[in-house]
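Note sheet for the following structure.
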Amino acid sequence: MFQSKNRLRKQTEVQNVVKKGKSVFDPVCGIRFLKNKLDESRFTVVVGLKVHKGAVRRNRVRRQYREIIRLHLNHIQKGFDIVFITSGQALDLTYSQKEERITAVLKKAGLWKE
């Protein structure tokens, strides 16, 4: 679970990022991101019904994404609102494969720092 300062909570904030933000996708996951005026980056993970009808499977993917982001928080540039969007292929990947995909997407977007 993210600290409260790292959470995108309000639906209007998420919609703003999706509407106005830039996007980077690969077949498994993607991100939409928008610069904010805060000292911290804020995140949310979207796992839609198209990924899987069962809530248990969707929530498992959501929890794994959140944990990967939490562990790599110090490598993600500060000052952005980021929405992670998953696809159905995420169900078939292992944790380490998801981790590689997320870091690859963040690097492609220029949000990853070493």
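Its first residue numbered 1065, the sequence shown is counted upward by one per residue in the working numbering.
Ideal placement from N, C-alpha and C gives every residue a C-beta, glycine not left out.
The C-beta of ALA1173 has 16 or more other C-beta atoms within 10 Å across all chains shown, which makes the residue buried. As a beta-bridge residue in DSSP terms, THR1150 pairs with CYS1093.
Distance between GLN1153 and ARG1127, taken at the CA atoms: about 16 Å.
When secondary structure is reduced to three states using DSSP, ASP1156 falls in the helix class. Residue burial annotation: SER1105 is buried, with at least 16 other C-beta atoms found within 10 angstroms of its C-beta. Cβ neighbours of ILE1140 within its own chain (closer than 8 Å, five residues either side excluded): SER1105, ILE1133, ILE1146, LEU1170, LEU1175, TRP1176 and LYS1177. In this structure, the CA atom of GLY1118 is about 34 Å from the CA atom of ASN1100. DSSP links THR1108 through a beta bridge to VAL1147.
In this structure, VAL1115 sits near SER1151, with a CB-CB distance shorter than 8 Å.
The criterion of a C-beta distance shorter than 8 Å is satisfied by THR1108 and VAL1078. The beta carbons of ASN1080 and LEU1098 sit about 7 Å from each other, so the pair counts as a contact at 8 Å. A direct Cα-to-Cα measurement between LYS1142 and GLN1161 gives close to 24 Å.
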